[in-house]
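Counting from 3, one number per residue, gives the positions in the sequence shown under my numbering. Just so it is clear, CB atoms sit at the ideal spot from N, CA and C, and this is done for glycine as well.
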Amino acid sequence: MGLFGGRGKKSLASKALQFISNNPDKVNNGIAKAGDFANKRTHGKYSRHITGAQTKAADALTKINRKNGGHGRNEDDPSFGPRS
């Protein structure tokens, strides 16, 4: 039994995907908070890279939600995506 597959029990990966599908707002908020924390700790030195990582993570969240029948990313929602 490993992290990503097991016998009879849900794997960690499937639990993570289920959480992402059920709570996209919480996951996106976590992405934004993590990026803000990293920006603050580096005093903005790596802001461009952190923002890019936030964008890619938000896009991956969208892709997962669309694949699993979720609503995906709402581009019009200002709280979605990286914070400036």
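Nearest to residue i (by Cα), restricted to the options the options
| i | options | result |
| --- | --- | --- |
| A36 | Q20, T57 and G71 | T57 |
| I66 | H51, K28, D27 and L19 | L19 |
Three-way DSSP call (helix, strand, coil) for residue i in this model
| i | result |
| --- | --- |
| G71 | coil |
Buried or exposed (CB count within 10 angstroms, at least 16 for buried), residue i
| i | result |
| --- | --- |
| N24 | exposed |
| N41 | buried |
Beta-carbon contacts of residue i that lie in its chain and below 8 Å, excluding the five residues immediately before and after
| i | result |
| --- | --- |
| R50 | none |
Own chain, CB closer than 7 Å to residue i, minus 5 neighbours either side, in chain order
| i | result |
| --- | --- |
| G71 | none |
Other residues of its chain near residue i: CB distance less than 6 Å, five sequence neighbours each side excluded
| i | result |
| --- | --- |
| I22 | V29 and I66 |
Minimum length 4: unbroken alpha helix (DSSP H) runs contained in the region 17-65: Contiguous alpha helix (DSSP H) elements confined to the region 17-65 occur at 26-43, taking only those with 4 or more residues.
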